[in-house]
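Protein chains: 2
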Amino acid sequence: MSEKEPVLEQCDYMHLHENVIEQVQEEMPEEEILYDLAELFKVFGDSTRIKILYVLFQSEMCVCDIAQLLNMSQSAISHQLRVLKQAQLVKYRREGKTVFYSLADAHVNTILNQGLEHIEE
Amino acid sequence: MSEKEPVLEQCDYMHLHENVIEQVQEEMPEEEILYDLAELFKVFGDSTRIKILYVLFQSEMCVCDIAQLLNMSQSAISHQLRVLKQAQLVKYRREGKTVFYSLADAHVNTILNQGLEHIEE
DNA sequence: CATTCATATGAATAATTGTTCATATATTTA
DNA sequence: TAAATATATGAACAATTATTCATATGAATG
Chain U
6 MSEKEPVLEQ CDYMHLHENV IEQVQEEMPE EEILYDLAEL FKVFGDSTRI
56 KILYVLFQSE MCVCDIAQLL NMSQSAISHQ LRVLKQAQLV KYRREGKTVF
106 YSLADAHVNT ILNQGLEHIE E
Chain W
6 MSEKEPVLEQ CDYMHLHENV IEQVQEEMPE EEILYDLAEL FKVFGDSTRI
56 KILYVLFQSE MCVCDIAQLL NMSQSAISHQ LRVLKQAQLV KYRREGKTVF
106 YSLADAHVNT ILNQGLEHIE E
């Protein structure tokens, strides 16, 4: 019953210098942060949500107005607003039967603009 | 056989002023741009790819080194590098058997940092 | 030119996700 | 309190996607 080394599937040697490896491990944000970061960008990774963010950049708006502007169902928009809300990208206030949504902070626009700059190269 | 209006599932009236509606339609980037933008952020929306971008921020690196640093299979990393390459977020150069990857431009870091700032609120 | 090493890639699978449909909740008004 | 309106939400389904596994490609080397 000879024990076999698990196949580590590594290259023969690393090209990186020791100090770069250390540097990477130091500078790398924590696992949880990286996960949250990916979660945040995932929210931007849907064109419906991008559109919602763009229209909200123009003005505070209720769910129904957004749905009409984007020509989508109330339900679809509501579901997506929930995602945006959870990511704290939008905030809302209630006024009677109507709920008005607006952008949560300035980062939203910066992120969108950086993205635009990138794809416009 | 009375014809029924299709249920448009709209609100009774829009809250928005005409000029806001116009404004939205003017300012809104084209459908294709919005789609590309979502595609770009989708690429950031995965923690493996986020990690790859972070390590590449420290230094140019070959596929195998990245795999070892992140403790993932060569194949998984290679697949993800392809996604990053297609989004023009990384570039590469070949040196013999080895392929070295590096960040394509400065936007990558700006976008990541804006994301970080947002989640650290 | 056969072998080895580094990387790429196609197929398969499991997991995630966006929309729809039906319905629930909340608020106002008759 | 019943009806109407605006919004939210759960379930279902189709579509997308990240990883694994097996294998292919490409480059150096004996």
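So the sequence lines, in the order shown, correspond to chains U and W. Position 78 (the first sequence) corresponds to 83 in my numbering; numbering is contiguous. Position 58 (the second sequence) corresponds to 63 in my numbering; numbering is contiguous. Glycine included, every Cβ here is placed at the ideal spot set by N, Cα and C.
Ranked by how close their Cα comes to the Cα of U/GLN85, the residues U/ASP70, U/GLU125, U/ILE55 and U/GLY120 have U/ILE55 in first place. In the assembly as shown, U/GLN91 is an exposed residue. Its beta-carbon has fewer than 16 other beta-carbons within 10 Å.
Shown here, W/LEU86 sits in a helix according to DSSP, grouped into three states. Listed along chain W, the residues sitting closer than 7 Å to U/LEU45 by beta-carbon distance are GLY120, HIS123 and ILE124. For the set U/ILE26, U/GLN63 and U/ASP70, the Cα lying nearest the Cα of W/CYS16 is the one of U/ASP70. For U/SER64, the residues of chain W that pass the 9 Å Cβ criterion are LEU21, HIS22, VAL25, GLN28 and VAL29, in the order they occur in the chain.
For W/LEU94, the closest C-alpha among the options U/PHE49, U/PRO34, U/GLY120 and U/LEU21 is that of U/GLY120. Identification of residues in the segment 74–86 of chain W having a C-beta nearer than 8 Å to some C-beta of chain U yields LEU74, SER78 and GLN79, given in sequence order. The same chain holds no residue with a CB closer than 7 Å to that of W/SER64 once the five nearest residues on each side in sequence are set aside.
The beta carbon of U/THR103 lies closer than 6 Å to those of CYS67 in the same chain, with the five residues before and after it left out. Only buried fits U/HIS123, as 16 or more other CB atoms lie within 10 angstroms of its CB. Ranked by Cα distance from U/MET19, the first of W/PHE46, W/ARG98, W/LEU21 and W/PHE105 is W/PHE105.
For U/LEU61, the enclosing alpha helix (DSSP H) starts and ends at 52–63. Counting of Cβ neighbours within 10 angstroms places U/GLY50 among the buried residues, the total reaching 16 or more.
If you draw a straight line from the Cα of W/VAL60 to the Cα of W/GLU36, it is about 34 Å long. Annotated as distal: W/PHE62 and U/PHE46, with beta-carbon spacing of 7 Å or more. Cα atoms of W/LEU39 and W/SER78: separation of roughly 33 Å, rounded to the nearest angstrom.
Separation of the CB atoms of U/SER107 and W/ALA43 is rounded to 21 Å, and the pair is thereby denied contact status at 8 Å.
Apart from the 5 residues on each side of it in sequence, W/VAL88 sits with its Cβ closer than 7 Å to the Cβ of VAL48 and ARG54 in its chain, given in chain order.
Assigned with DSSP and collapsed to three states, U/GLU100 falls in strand.
Burial is judged here by how many other beta carbons sit within 10 angstroms of a residue's own beta carbon; U/HIS22 has fewer than 16 and is exposed. At a cut-off of 7 Å, the C-beta of U/LEU42 has a neighbouring C-beta in chain W.
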